[in-house]
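Before any comments, here is the structure.
Protein chains: 2
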Amino acid sequence: KQISTFLMQNKRHFLIPASQVATVQVDNSLTHAFMVLSKLGYSRIPVVRDDAKFAGELSMPMITEQMLKLDEIDTSCLDQMTVADVMDETVNTVNNPYDLEEIMHLLVDDNFLPVVSEAQDFVGIITRREMMKSLNFLAHN
Amino acid sequence: KQISTFLMQNKRHFLIPASQVATVQVDNSLTHAFMVLSKLGYSRIPVVRDDAKFAGELSMPMITEQMLKLDEIDTSCLDQMTVADVMDETVNTVNNPYDLEEIMHLLVDDNFLPVVSEAQDFVGIITRREMMKSLNFLAHN
Ligand SMILES: Nc1ncnc2c1ncn2[C@@H]1O[C@@H]2COP(=O)(O)O[C@H]3[C@@H](O)[C@H](n4cnc5c(N)ncnc54)O[C@@H]3COP(=O)(O)O[C@H]2[C@H]1O
Ligand SMILES: Nc1ncnc2c1ncn2[C@@H]1O[C@@H]2COP(=O)(O)O[C@H]3[C@@H](O)[C@H](n4cnc5c(N)ncnc54)O[C@@H]3COP(=O)(O)O[C@H]2[C@H]1O
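Chains H and X are the protein sequences, given in the same order.
Counting from 3, one number per residue, gives the positions in the first sequence under this note's numbering.
Counting from 3, one number per residue, gives the positions in the second sequence under this note's numbering.
Listed below in structure tokens is the structure:
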């Protein structure tokens, strides 16, 4: 209870706004998505449709799995496939970035949580790093 | 202070022992390492030498960067390169899995922490998930 109250005072620091979040589009080719993930270095990023609606998440293994169909590395299929063909559409999301109990619970199993409005607008993400920073500060004070 | 005391009581749950941690060897080919990372789905894993000494960490971007040298996907170089050629040897490690203050501080920037003895033996890892589970329990009690 004390932790929630303290964290509530710092709530404005949790949300990383959509403008600062790397994403890919549902209709991007897997070749393009592969290059984006490789150069950015993030292990998993949100996928959007029509530029601003949340659609799911994409990780590198979802793409490399397509390259290893015959147990040798073949990249030729990537041009014909899109992010929509492999993305994860079943991910947990939150629509209230201030519901810390739910957020702390979900961050046990997820590296980050997409914040999505009722109308499916992609608002931003909440990361384990932001939560750990706050909990660290709390533990020292 | 209260948090550290509480967490200390649960300390036996933090360390994931080396036997349960997926790793690659310094001399594995990048083709082999690519397949291991793709099939396991972990974004980053420890690298060991002589089977049991900690050597560094390997992530998929370290491998895919080699495939994108000419801005198109070329996998032919992977057979001739080893994990040692691309791994990250500068990672934070801890040798005391019960120094919670240091662990909480380092888990702000790292997804997991390798636990390594003075003699460089790879003992296991401490993950953000394990820390989040404990902090979640603390917040509810
Ligand atoms: N370019 C960078 N600069 C500084 N530190 C970096 C970094 N890339 C990774 N890290 C560190 O590594 C952690 C794991 O990153 P990962 O990409 O696996 O996992 C990330 C990634 O999947 C996603 N993510 C974070 N920031 C993002 C962004 N701006 N755009 C898209 N996805 C993001 O959220 C996950 C958790 O992020 P979190 O910050 O908690 O945790 C990050 C952060 O502590
Ligand atoms: N097979 C699986 N089963 C259940 N949940 C899974 C999973 N793979 C990933 N996750 C979930 O996704 C988080 C991020 O995984 P990631 O592979 O990016 O990042 C992982 C990975 O780089 C490494 N890691 C965790 N367990 C490992 C293991 N057994 N062997 C090697 N590396 C491991 O530590 C990082 C943080 O792990 P953490 O558990 O905190 O956080 C994990 C966990 O909550």
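Here a beta-carbon is modelled for each residue, glycine too, at the ideal position from N, C-alpha and C.
Any beta carbon of chain X sitting closer than 9 angstroms to that of residue i?
| i | result |
| --- | --- |
| Met89 (chain H) | no |
| Leu60 (chain H) | no |
| Thr66 (chain H) | yes |
| Asn94 (chain H) | no |
| Ser45 (chain H) | yes |
| Leu115 (chain H) | no |
| Pro48 (chain H) | no |
| Ala24 (chain H) | no |
Examine ligand 2 and report whether any of its heavy atoms sits within less than 8 angstroms of the Cβ of residue i.
| i | result |
| --- | --- |
| Ile47 (chain H) | no |
| Phe114 (chain X) | yes |
| Tyr44 (chain X) | yes |
| Asp52 (chain X) | no |
| Ile105 (chain H) | no |
| Thr25 (chain X) | yes |
| Ile75 (chain X) | no |
| Ile18 (chain H) | no |
Could you check if residue i is buried or exposed, using at least 16 other CB atoms within 10 Å of its CB as the buried criterion?
| i | result |
| --- | --- |
| Thr92 (chain X) | exposed |
| Asp29 (chain X) | exposed |
| Pro19 (chain H) | exposed |
| Glu132 (chain X) | buried |
| Ser21 (chain X) | exposed |
| Glu59 (chain X) | buried |
| Asp112 (chain H) | buried |
| Ala54 (chain X) | exposed |
| Ala24 (chain H) | exposed |
Taking 8 angstroms as the cut-off, is the beta-carbon of residue i closer than that to any non-hydrogen atom of ligand 1?
| i | result |
| --- | --- |
| Glu132 (chain H) | yes |
| Gly58 (chain X) | no |
| Ile128 (chain X) | no |
| Ile65 (chain X) | no |
| Leu111 (chain H) | Sequence check: residue 111 (chain H) is Asp here, not Leu. Asp111 (chain H): no, Cβ never under 8 angstroms from ligand 1. |
Can you check whether the C-beta of residue i is within less than 9 angstroms of a C-beta belonging to chain H?
| i | result |
| --- | --- |
| Leu17 (chain X) | no |
| Phe36 (chain X) | yes |
| Ile75 (chain X) | yes |
| Asp111 (chain X) | yes |
| Ser40 (chain X) | yes |
| Asn98 (chain X) | no |
Answer yes or no: the CB of residue i versus the heavy atoms of ligand 3, is any distance below 8 angstroms?
| i | result |
| --- | --- |
| Gln22 (chain H) | For ligand 3, the structure offers nothing, since it holds only ligand 1 and ligand 2. |
Would you say residue i reaches chain B, if we count a Cβ-Cβ gap shorter than 9 angstroms as a contact?
| i | result |
| --- | --- |
| Pro63 (chain X) | Absent from the structure: chain B. Protein chains present are H and X. |
Counting only runs that start and end within the stretch 77 to 108 of chain X, where is the alpha helix (DSSP H) found for 4 or more residues in a row? 85 to 88 and 102 to 108
Of all the beta strand (DSSP E) runs that stay within the bounds of the stretch 46 to 77 of chain H, which reach a length of 3 or more residues? 46 to 51 and 55 to 61
Would you call the stretch 110 to 119 of chain H in contact with the stretch 135 to 143 of chain H, where contact means no fewer than 3 C-beta pairs closer than 8 angstroms? no
Counting pairs of beta carbons, one from the stretch 80 to 87 of chain X and one from the stretch 31 to 45 of chain X, are three or more of them closer than 8 angstroms? yes
If we count Cβ pairs, one from each stretch, closer than 8 angstroms, do we get three or more for the stretch 62 to 80 of chain X versus the stretch 71 to 78 of chain H? yes
Could you give the uninterrupted runs of the alpha helix (DSSP H) lying entirely in the stretch 119 to 143 of chain X, keeping only those of 4 residues or more? 130 to 141
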